[in-house]
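Read top to bottom, the protein sequences are chains A and W.
The number in the numbering used here is simply the position in the first sequence, starting from 1, with 1174 added.
The number in the numbering used here is simply the position in the second sequence, starting from 1, with 1174 added.
Just so it is clear, CB atoms sit at the ideal spot from N, CA and C, and this is done for glycine as well.
Bear in mind that the values here come from a model prediction, so they are computed numbers and not experimental data.
Worksheet: the structure to be examined is printed underneath.
Number of protein chains: 2
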Amino acid sequence: MADLKKPGEFDLIDRFRSLLKFRSPRMKIGIGDDCAVYSGPAGVYQLISTDALIENVHFRLPTTSPELLGRKALAVNISDIAAMGGTPHLALVTLGIPKTLPVKFLDGLYRGINAICQEHKIEIAGGDTTASPSHLFISITIFGETAKSQLVTRSGARPGDKIFVTGTPGESALGLKLLSSPRKQWKGDKKLQKKMIQAHLDPVPRLKESRQLMNSKAGITSMIDISDGLAQDLLHICKAGKVGAVLREEWLPRSPELERLTSLNKLEIMDYIMAGGEDYELLFTLKSEDVRKITSRFKNTKTPVTQIGEVTAHPQKVILLTIDGKSIPLKKLSGFDHFKSGKKPEKK
Amino acid sequence: MADLKKPGEFDLIDRFRSLLKFRSPRMKIGIGDDCAVYSGPAGVYQLISTDALIENVHFRLPTTSPELLGRKALAVNISDIAAMGGTPHLALVTLGIPKTLPVKFLDGLYRGINAICQEHKIEIAGGDTTASPSHLFISITIFGETAKSQLVTRSGARPGDKIFVTGTPGESALGLKLLSSPRKQWKGDKKLQKKMIQAHLDPVPRLKESRQLMNSKAGITSMIDISDGLAQDLLHICKAGKVGAVLREEWLPRSPELERLTSLNKLEIMDYIMAGGEDYELLFTLKSEDVRKITSRFKNTKTPVTQIGEVTAHPQKVILLTIDGKSIPLKKLSGFDHFKSGKKPEKK
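Shown next as structure tokens:
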């Protein structure tokens, strides 16, 4: 099988280009010049974000597939655009490729990238393809837009706002744990386990839900995507808005599969819900008078949207109120940090 | 000294932010949210480009300084904007950082980034800061603009156009060779050697010259920056424009220092001029009726701008006409490829 010793950089770029199908009407010049060139409509904000996935830090080759890795590399970036209330249009893909990586793997990676780009109408406008001395790295920059009136940042939360979350955070972290300890005797149906692993390897960016929120005309005062964990990302919102927050344990949405598996394997479900990370759910605050607009709109949607707490005026007090009446600072429950631990915390 | 085991990702981001001084009027939201947000004037093209520098592929820690590395990481990206006739405004910086790298190194890197950003009025609008299992990598995405009437691509060269180059290509490649073989008994003044090494470690993007070209209103029909080598990059222009080219050896600008050092050390200067790479000079084609506009404008500038050949109608024939009347296909003289050799060719 061909490997990277054979095709040169320019051959690879041609190869990747042929795997990418979506073309954006915004592009004037795509792959193949010194820059990509585009023009957007007047009166919008341009949104730009970048996220890298590095082998043995964010993923391991034996526990993912190239297609899923390509999808996830885009998904985590799309999620950042969704978190600002925007729509993605373009992305740049930079790869650092170890010489030993088979070209077949790269083809799979680009098939995954192409699939998620077609789903969300994103054109790959260029990038950089280079050798890497040891590990694979993928650095993606994404470009989106939002109407100036619809921009949502991290910093607008005000006391009295209600706190909401999409989906059921925590599954991705358990998926990672399942992948990281394959030899452990895990209890529970393989199907349930597979669902957790899928949540980790193939997260769904909440672009559709973000658009529904924007279209609802409800007063979304701040929003973030949960990449560092529910606790940590709520701390980001509180810090940016100089506010406090009270979450209620009894209101937190629980995935039935996560509940079953954590209970069977004697794990603390709250660790996964609060500190899991890589959920890519949306966490947002909403003016209290608009709560009904949101709850009615998301009543029967596949992805639940759940009120989990309230913003307060006390920046020093960002807490979880437990079912048995205790008050725990979110800092104690906050997510992992690649620098500090290299992996997710198992127990607080 | 503090190292990466101590500060976490968020501390590092705060630290980097404090080292960055330039703020662009185009930014609505810079570092610290899910996306950076900006808006540009109507009627312009947005230019985006990305280039990565990877340890032991593009640089070696023992032979550069963190400040120069930071400067170069930006410079190679600024050069891409210059090559399209544009002006850079913003950049995103992604770092994959080995745990053993001292924080002092990162501070130096950001001082270099800050310095070149202040020189060219570029705001660092965000990025991603993550751990790397072994090597340092730096992936930068740059954003610029150009008036729609001033966009210059690779693909506009037409038969009869004259071919020009800024500066004196080849020095950077000799600088790399000096750095790569420090134990060799190099002949020639240390000062000359230093100049070559500086050309490699601290290349100057030709943004000023690009603006002068645009302001001249001369018919620049295509442009590229020389990153892969003069021969290879002219091949890119010819392929994109479906044209051929004849370069004349006697017209090629020769750096006196490069001439002296290659001659003293019995190296073939043409290898360096034609295949060197990483010169970041501008290579462009010009309508023949506008030659005087350009030669008179650049008559007494510090950076020479030299006519080196002519575009022809024969895409199969991209050649160098040597002083002794031979005709050599540029493919035989073309630049290096990180994938194929891992380093620059010494002799053709």
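| said: For a contact defined as C-beta to C-beta under 7 angstroms, what are the partners of I1255 of chain W on chain A? | reply: Within the second sequence, the letter at position 81 stands for residue 1255 of chain W. By Cβ distance, chain A contributes C1209.
| said: Just verifying my parser: in three-state terms, what is the DSSP assignment at Q1386 of chain A? | reply: Walking along the first sequence from the start, residue 1386 of chain A turns up at place 212. In the structure shown, Q1386 of chain A sits in a helix (DSSP, three-state: H, G or I).
| query | Can you name the residues of chain W whose CB is closer than 8 angstroms to the CB of S1198 of chain A? | reply | Sequence index remark: in the first sequence, residue 1198 of chain A carries index 24 (1-based). Simply none; closest approach about 12 angstroms.
| said: Closer than 8 angstroms is the cut-off here; do at least three beta carbon pairs connect the region 1300–1308 of chain W with the region 1218–1230 of chain A? | reply: yes
| task | Determine, using beta carbons only, whether I1222 of chain A comes closer than 7 angstroms to chain W. | result | Counting from one through the first sequence, the residue named residue 1222 of chain A turns up at place 48. By this cut-off, I1222 of chain A is an interface position.
| field | Closer than 7 angstroms to chain A by CB, H1309 of chain W | value | Here the question's residue 1309 of chain W lines up with position 135 in the second sequence. Chain A, which has a Cβ nearer than 7 angstroms to the Cβ of H1309 of chain W, makes this yes.
| query | Which chain W residues sit within Cβ distance under 7 angstroms of I1337 of chain A? | reply | Locating residue 1337 of chain A in the first sequence gives position 163, where the first residue counts as 1. The premise fails here: I1337 of chain A is roughly 17 angstroms from chain W at the closest Cβ pair, so nothing lies under 7 angstroms.
| query | Would you call R1357 of chain A buried or exposed, if buried means 16 or more other Cβ atoms sit within 10 Å of its Cβ? | reply | If you number the first sequence from 1, residue 1357 of chain A lands on position 183. R1357 of chain A comes out exposed.
| task | Measuring alpha carbon to alpha carbon, tell me which of A:E1484, A:G1330 and A:I1394 ends up nearest K1416 of chain A. | result | Against the first sequence, residue 1416 of chain A aligns to sequence position 242. The residue with the shortest Cα to Cα distance from K1416 of chain A is A:G1330.
| said: So the candidates are A:I1398, A:R1428, A:R1422 and A:L1426; which of them puts its Cα closest to the Cα of K1414 of chain A? | reply: Residue 1414 of chain A sits at position 240 when you count from the first residue of the first sequence. In the sequence on display, residue 1414 of chain A carries Ala and not Lys. Ranking the options by Cα distance to A1414 of chain A, first place goes to A:I1398.
| query | Could you give the uninterrupted runs of the beta strand (DSSP E) lying entirely in the region 1287–1348 of chain A, keeping only those of 3 residues or more? | reply | 1297–1306, 1311–1321 and 1336–1340
| chain W contact residues for M1201 of chain A, given Cβ-Cβ distances below 9 angstroms | If you number the first sequence from 1, residue 1201 of chain A lands on position 27. Simply none; closest approach about 10 angstroms.
| Extent of the continuous beta strand (DSSP E) to which A1249 of chain A belongs | For the purposes of this step, residue 1249 of chain A is identified with residue 75 of the first sequence, where counting begins at 1. Here A1249 of chain A belongs to no beta strand (DSSP E); instead the alpha helix (DSSP H) covers P1240 to A1256.
| field | Cut-off 7 angstroms between Cβ atoms - residues of its own chain near K1179 of chain W, not counting five sequence neighbours on either side | value | The count along the second sequence starts at 1 and reaches residue 1179 of chain W at position 5. Residue confidence for K1179 of chain W is low, a pLDDT of 42 falling below 50, so the modelled location carries little weight; the figure read from the coordinates is stated next. Excluding sequence neighbours, K1179 of chain W sits near K1273.
| field | Below-7 angstroms beta-carbon distance, H1512 of chain W vs any chain A residue | value | For the purposes of this step, residue 1512 of chain W is taken as the residue at position 338 of the second sequence. Because H1512 of chain W carries a pLDDT of 44, less than 50, the predicted location of this residue cannot be relied on, and no value is offered for it.
| field | Cβ of T1475 of chain W within 7 angstroms of any chain A Cβ | value | Along the second sequence, one-based indexing puts residue 1475 of chain W at 301. Taking Cβ atoms only, chain A never reaches closer than 7 angstroms to T1475 of chain W, which makes this a no.
| task | Determine the direct distance from the alpha carbon of I1312 of chain A to that of E1484 of chain W, and round the result to whole angstroms. | result | The residue labelled residue 1484 of chain W in the question sits at position 310 within the second sequence. The residue labelled residue 1312 of chain A in the question sits at position 138 within the first sequence. Cα to Cα, the separation comes out at about 40 angstroms.
| request: Write down every uninterrupted run of the beta strand (DSSP E) in the region 1179–1247 of chain A whose length is 3 residues or greater and which is fully enclosed by it, in chain order. | output: 1201–1203, 1210–1212 and 1218–1228
| task | Spell out whether any CB of chain A is found under 7 angstroms from the CB atom of M1258 of chain W. | result | Translated into positions along the second sequence, residue 1258 of chain W becomes position 84. Yes, because at least one Cβ of chain A sits closer than 7 angstroms to the Cβ of M1258 of chain W.
| message | Rounded to whole angstroms, what is the Cα-Cα separation between G1344 of chain W and I1447 of chain A? | response | The sequence position of residue 1344 of chain W within the second sequence is 170, counting from 1. The sequence position of residue 1447 of chain A within the first sequence is 273, counting from 1. Taking the straight line joining both Cα atoms gives about 57 angstroms.
| message | Against T1261 of chain W, what residues of chain A qualify as contacts under a CB-to-CB distance less than 9 angstroms, listed in chain order? | response | To locate residue 1261 of chain W, count along the second sequence from 1; it is residue 87. Those within 9 angstroms of T1261 of chain W in chain A number zero; the least Cβ separation is about 12 angstroms.
| request: For the region 1258–1275 of chain W and the region 1347–1357 of chain W, state whether three or more C-beta atom pairs, one from each stretch, are separated by less than 8 angstroms. | output: no
| said: For a quick check, are the C-beta atoms of G1286 of chain A and G1244 of chain A less than 7 angstroms apart? | reply: Translated into positions along the first sequence, residue 1286 of chain A becomes position 112. Translated into positions along the first sequence, residue 1244 of chain A becomes position 70. Yes; because the gap between Cβ atoms is below 7 angstroms, this pair is in contact.
| request: Kindly list, in the order they appear in chain W, the residues whose Cβ is closer than 7 angstroms to that of G1270 of chain A. | output: Start at 1 with the first residue of the first sequence, and residue 1270 of chain A comes out as number 96. Near G1270 of chain A (Cβ distances below 7 angstroms), the residues of chain W are A1226, I1228 and F1311.
| query | List, in order along the chain, the chain W residues whose C-beta lies closer than 9 angstroms to that of V1231 of chain A? | reply | Residue 1231 of chain A sits at position 57 when you count from the first residue of the first sequence. Going along chain W in sequence order, the residues near V1231 of chain A (Cβ under 9 angstroms) are G1270, T1304, A1305, S1306 and P1307.
| Can you name, in chain order, every residue of its own chain whose Cβ lies under 6 angstroms from the Cβ of L1194 of chain A, other than the five neighbours on each side? | Your numbering for residue 1194 of chain A matches position 20 in the first sequence. Taken in chain order, the residues that qualify are N1288 and I1298.
| What residues in the region 1448–1476 of chain W have a beta carbon less than 9 angstroms from any beta carbon of chain A? | none
| request: Please state if the CB of T1480 of chain W and the CB of D1335 of chain W are separated by a distance shorter than 7 angstroms. | output: To locate residue 1335 of chain W, count along the second sequence from 1; it is residue 161. To locate residue 1480 of chain W, count along the second sequence from 1; it is residue 306. Contact flag unset, no.
| field | Spatial distance of E1183 of chain A from V1211 of chain W (CA atoms) | value | Position 9 of the first sequence, counted from the first residue, corresponds to residue 1183 of chain A. Position 37 of the second sequence, counted from the first residue, corresponds to residue 1211 of chain W. Using only the alpha carbons, I get a separation of about 33 angstroms.
| task | Determine, using beta carbons only, whether S1192 of chain A comes closer than 7 angstroms to chain W. | result | Taking the first residue of the first sequence as position 1, residue 1192 of chain A is located at position 18. Chain W, which has no Cβ nearer than 7 angstroms to the Cβ of S1192 of chain A, makes this no.
| field | Contact list for the region 1391–1403 of chain A against chain W, Cβ threshold 7 angstroms | value | I1398 and D1399
| What in chain A is Cβ-close to R1328 of chain W, meaning under 8 angstroms? | Against the second sequence, residue 1328 of chain W aligns to sequence position 154. Here the neighbours are G1206, D1207 and D1208.
| query | Between which two residues does the beta strand (DSSP E) carrying E1431 of chain A extend? | reply | What you label residue 1431 of chain A is simply residue 257 of the first sequence in a count that begins at 1. It is not in any beta strand (DSSP E) - E1431 of chain A instead sits in the alpha helix (DSSP H) that spans P1430 to L1438.
| request: Starting from the Cα of K1246 of chain W, find the closest Cα among W:A1216, W:L1283, W:E1424 and W:Q1220 and give me that residue. | output: Looking up residue 1246 of chain W in the second sequence gives position 72. Out of W:A1216, W:L1283, W:E1424 and W:Q1220, W:L1283 has the C-alpha closest to the C-alpha of K1246 of chain W.
| Within 7 angstroms (strictly less), CB to CB, does Y1284 of chain A reach chain W? | Taking the first sequence and counting its residues from 1, the one referred to as residue 1284 of chain A is at position 110. Chain W contact via Cβ: absent.
| Does the Cβ of E1431 of chain W have 16 or more other Cβ atoms within 10 Å, making it buried, or fewer, making it exposed? | Working through the second sequence from its first residue, we reach residue 1431 of chain W at position 257. E1431 of chain W is buried by the Cβ-count criterion.
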